[in-house]
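Written below as C-alpha cells is the structure these notes are about.
Protein chains in written order, with the numbering used here: chain P, 68 to 449; chain D, 8 to 336.
The following block contains the structure:
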C-alpha cells in the first residue's frame, strides 16, 4: 500500500470518527452549545452580531472613533455640511477636501464651499485631543487624525451643528449614552420581570392576584404620555448623571410587565415538572429551586427577549430626548442630537442633522435581526 | 355576547378611577402648587391679584387641605364637566382640548383602518409566495419599518417634500380652514391632509401586523384541511381567503387590544413634528411650561382613549371569535 492511499484511508477514518463525534457531541452538548449551533445557521443574524460588536466597540471607546472634542463649539464653523473622506486620488490616498465658509451678509448664516484644490491629508491612528480610556488613563490617539494637526483645520466627517460642534464625534459619544440607557433600562425591567413574574407563578395565591392586577393596570396605561409627564416632573436642578438614571428608571417602570407575564406562564407549567418536585423533595430552599433549577431552563428565552427589548428602549429614549423631556444637554444621546433637527427649517437648511437617526435605525435593525435569530435558536430541541 | 360587553363596561369606571388617581399624582408632581405658579405667571405678565382673590382660588382647589381632599375636589369638578383653567392659555381647558380630542380620534381610527387594510394583503401574499421576491422585499421593508422611529419617517418625508416638491406638509388643514367652523369643505380638506400622518403613524404597526400574519399563515398552510379542499377542486385563492386567513387573523385581532391605544399615544410624537392640531403637542407644551392642570387633563384624555380603544377591540374580538364569547358568558 502506498503512502498516499494510506493517508486517504486514514483521512476517511478520521472523518468517520469526526461524524461519530458530531453525533455524540449533539447528545451530550450543553444547551448553550445547541443554541449556538442553530444560531450559526442564521447568516443574517451572524452578520448582525458582528455589526453589534462594532457598535459596542464604539460605545466603549467613543473617544477613539471621534475626531474632535464633542462639546467644543465654534461660532464661525456652524452648519458645515459633511466633508467626507476620499480614498482615491489617481491612486490610493486618504484625505478630505478643505471647506471654506463665509457668512452670508443678508441671512447671517455660514455658507460653505468644498475647495477641491485644497486637500487635507489624513492618517489612521493620528493624534488629536486628549480623551479618557474607560475613565482610567488618557491618550490622544484617534482612529482618524490629521497628518499635520498643527497646520490644518479640523475636519468634520458628518458636518457640524448650530453651534459648530462636530457631529461625527457627537454621534460617537451619543452611541455610548443611547446604548447604555437601553441596556440599563432593559436590565432593570428584566430583573423586575423575572422577580415579580417568578413570585407570581411560583407562589400563586394572593401574591399572584395582586401582581397580575398591577401588570394588567400597567399594560393598559398608554406609555408615552406617562413617560413624558414623569420626566417633566424631574427637577431641572438634577445633575446629568442623576437625571440619566431617573430617565432609565422611568423607562423601565412600564416595560417589565411583558416579561413578567411570560415568566409567570412558564413557572406555572414548570412548577409541576418532575425535576422541580425532585428538588423540593431533596430539601432545596425555595430560592434555590427558583433561581438554580427553574430560571436556567428559560435562559435562552430571556436572552432573546432582552435582545428584542433593547431596541424598543433605545427608540423610547430617543423619543423622550427628541421631545426635550429625556436626557438634557450637555448629555449627548441620539435623541438629544436629533433635537437639533426638530423642525422643518433646520432640516431643510441642514439635512445632515438627520444622520443620527440613521444610527438609530441601523442599531435597532441590527438588534432586531439578532434577537430574531436568537429567538429561533433559543429552543434547540424543536 | 351582551353579558360579555356589559361585564367589560362595568369594569370601566373602576379603571378610570385608578387612572384619575395617577393623573392627579402627575399634576401634583412638580414642586410648588398651582396657585403659586399662577400668581407668578400673572406677575411675569405684568398684572397681579389681590390677597382675597388668591385665597378664594386656594379655597376652590382646597390647596391648604390634605392631598386626598384636593383629589376629591378635583374629581368632583371633572365629573361636573369643569376641567379647570389653563395657566398658559388663560382659557378653560375643555375649550382647548375639545376639538383637538376629536381630531386625535379621527387620526387614530384612520391609521388603524389603514394598517389593517395594508397589513392583511401584504401578510397573506408574503406567506403564500414564501421566499419570492415579494416576500423578501416586504421582509426587508418590515424590518426597516419597525426600526425607524415614527418621527424620523415624518422628518424625512417632510424634508423630501420640501426640498424636491417645494411643499410643506405640516398640519391637518389648509390655512383657510385651520380655524374655521366645521363644514363640508373642512371635512374634505381634513381628508386631503390626514393621509400622510396616517401613513407615517401606521408604518410601524403595519410592519408588525404583517409579520405576525405571515408567521401564523405559514403554520396554517401545511395543514391537511388545505389538501382536502384542494382535492375537492376548490380554487386556490378562494380556499386561502376562506380558511387559513380567517384562522391566522385571530391572533392579529387579539393584538388590537394594545394596538389602538398605542396609536393614540404614539400619534403624540408625529403630531409634534408635523405640527398637527391634536392633543399631543398641547401635552408637550403644557408639560414644558408646567401647566399641570392642562397636562393632567390631557393625560386623563389619553387614558380615556386607551380604555375606549381596549373596549372596542374586546368587543371586536368577541364578535369575531366565538370561543371568547362562549368562555366569558
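Positions of the beta carbon are idealized from the N, C-alpha and C atoms, including for glycine.
Exercise. Excluding sequence positions up to five away, which residues of its chain have a Cβ less than 8 Å from the Cβ of residue 154 of chain P?
Worked result: Closer than 8 Å at Cβ, skipping near neighbours: 160, 161.
Exercise. By Cβ distance, which residues of its chain are closer than 7 Å to residue 405 of chain P, with the 5 residues on each side in sequence left out?
Worked result: The beta carbon of residue 405 of chain P sits closer than 7 Å to the beta carbons of 385, 389, 423, 424 from its chain, once the five residues preceding and following it are set aside; these are given in chain order.
For this session: Could you check which residue in P:156, P:198, P:205 has the C-alpha nearest to that of residue 185 of chain P?
Result: Nearest Cα to residue 185 of chain P within the set P:156, P:198, P:205: P:156.
Exercise. Looking at residue 139 of chain P and residue 224 of chain P, is the spacing between their C-beta atoms short of 8 Å?
Worked result: No; because the gap between Cβ atoms is not below 8 Å, this pair is not in contact.
For this session: For the beta strand (DSSP E) containing residue 167 of chain P, list its first residue and its last residue.
Result: Counting along the chain, the unbroken beta strand (DSSP E) around residue 167 of chain P starts and ends at 159 to 170.
Problem set entry | Interface flag, residue 363 of chain P vs chain D, CB-CB below 8 Å | Closer than 8 Å: no.
For this session: Throw me the rounded Cβ distance for the residue 92 of chain D and residue 157 of chain D pair, which I believe falls under 8 Å.
Result: Incorrect: roughly 32 Å between the Cβ atoms, too far for contact.
Problem set entry | With 16 other Cβ atoms within 10 Å as the buried cut-off, status of residue 79 of chain D | Label assigned to residue 79 of chain D: exposed.
Problem set entry | Members of the stretch 364 to 378 of chain P that neighbour chain D once the beta carbon cut-off is set at 8 Å | Result list: 378.
Problem set entry | Proximal residues of chain P, C-beta to C-beta of residue 164 of chain D below 9 Å | Correct list: empty, because the minimum Cβ distance to chain P is about 11 Å.
Exercise. The beta strand (DSSP E) with residue 138 of chain D in it runs from where to where?
Worked result: Taken as a continuous stretch (DSSP letters only), residue 138 of chain D belongs to no beta strand (DSSP E), as it is neither H nor E.
Exercise. Apart from the five residues on each side of it in sequence, which residues of its chain come closer than 7 Å, Cβ to Cβ, to residue 261 of chain D?
Worked result: Only 324 meet the Cβ criterion.
Problem set entry | CA-to-CA distance, residue 428 of chain P to residue 438 of chain P, given in whole angstroms | About 15 Å.
For this session: Can you give me the Cβ contacts of residue 348 of chain P inside the same chain, cut-off strictly under 7 Å, excluding the 5 residues immediately before and after it?
Result: The beta carbon of residue 348 of chain P sits closer than 7 Å to none of the beta carbons in its chain outside the five residues before and after it.
Exercise. Is residue 267 of chain D buried or exposed, if buried means 16 or more other CB atoms sit within 10 Å of its CB?
Worked result: In the assembly as shown, residue 267 of chain D is a buried residue. Its beta-carbon has 16 or more other beta-carbons within 10 Å.
For this session: Entirely within the stretch 329 to 381 of chain P and at least 4 residues each: give me those alpha helix (DSSP H) ranges in chain order.
Result: Along the length of the stretch 329 to 381 of chain P, whole alpha helix (DSSP H) runs at least 4 residues long occupy 341 to 348, reported in chain order.
Exercise. Between the C-alpha atoms of residue 149 of chain D and residue 213 of chain D, what's the straight-line distance to the nearest angstrom?
Worked result: Looking at the two C-alpha atoms, the distance is approximately 8 Å.
For this session: Enumerate, from N- to C-terminal direction, the unbroken alpha helix (DSSP H) stretches of 4 or more residues contained entirely within the stretch 179 to 225 of chain P.
Result: For the stretch 179 to 225 of chain P, not a single whole alpha helix (DSSP H) run of length 4 or above is found.
Exercise. For residue 415 of chain P, which residues in chain D fall below 7 Å Cβ to Cβ?
Worked result: Against chain D, the beta carbon of residue 415 of chain P has neighbours under 7 Å at 166, 169, 170, listed in chain order.
Problem set entry | Neighbour-count burial assignment, residue 306 of chain P, 16 or more Cβ in a 10 Å radius | Classification of residue 306 of chain P: exposed, given that the 10 Å Cβ count is below 16.
For this session: Anything in chain D within Cβ reach of residue 408 of chain P, meaning under 8 Å, just list it in chain order.
Result: The contacting residues are 162.
Exercise. Straight-line CA distance for residue 48 of chain D to residue 71 of chain D?
Worked result: Each residue's Cα considered, the two are about 20 Å apart.
Exercise. Under a CB-based cut-off of 8 Å, is residue 205 of chain P close to chain D?
Worked result: No, no contact with chain D.
Problem set entry | Reduced DSSP secondary structure (H/G/I, E/B, other) of residue 111 of chain D | Residue state for residue 111 of chain D is assigned as helix, using DSSP reduced to three classes.
Problem set entry | Given residue 243 of chain P as reference, the closest of P:326, P:191, P:402, P:421 once Cα atoms are compared | With distances taken between CA atoms, residue 243 of chain P lies nearest to P:402 out of P:326, P:191, P:402, P:421.
For this session: Give the straight-line distance between the Cα atoms of residue 126 of chain D and residue 119 of chain D, rounded to the nearest whole angstrom.
Result: Going from the Cα of residue 126 of chain D to the Cα of residue 119 of chain D covers about 11 Å.
For this session: Can you tell me which of P:266, P:165, P:292 puts its alpha carbon nearest to the alpha carbon of residue 335 of chain P?
Result: The residue with the shortest Cα to Cα distance from residue 335 of chain P is P:266.
Problem set entry | Cβ-based burial, residue 81 of chain P [other Cβ within 10 Å; buried from 16] | Note on residue 81 of chain P: pLDDT 49, under 50, position unreliable in the model; no value is reported.
For this session: Give the residues of chain D in contact with residue 392 of chain P, contact being defined as C-beta atoms less than 7 Å apart.
Result: Result: 294.
For this session: Taking residue 385 of chain P as the query, report the chain D residues whose CB atoms sit under 9 Å from its CB, ordered along the chain.
Result: The contacting residues are 156, 158, 159.
Problem set entry | Entirely enclosed alpha helix (DSSP H) segments - the stretch 267 to 327 of chain D, minimum 4 residues | Segments of the alpha helix (DSSP H) lying fully in the stretch 267 to 327 of chain D: 286 to 295, 299 to 327.
Exercise. Which of the three DSSP states, helix, strand or coil, is assigned to residue 322 of chain P?
Worked result: Coil at residue 322 of chain P, not helix or strand.
Exercise. Roughly how many whole angstroms lie between the Cα atoms of residue 166 of chain P and residue 180 of chain P?
Worked result: Taking the straight line joining both Cα atoms gives about 6 Å.
Problem set entry | Interface flag, residue 343 of chain P vs chain D, CB-CB below 8 Å | Any Cβ of chain D closer than 8 Å to the Cβ of residue 343 of chain P would place that residue at the interface, and such an atom is absent.
Problem set entry | Where residue 99 of chain D sits in the DSSP three-state scheme | Strand.
For this session: Quick one: residues in its chain with C-beta nearer than 7 Å to the C-beta of residue 107 of chain D, no 5 flanking neighbours on either side, listed in chain order?
Result: The beta carbon of residue 107 of chain D sits closer than 7 Å to those of 284, 285, 286, 289, all from its chain and outside the five residues before and after it, given in chain order.
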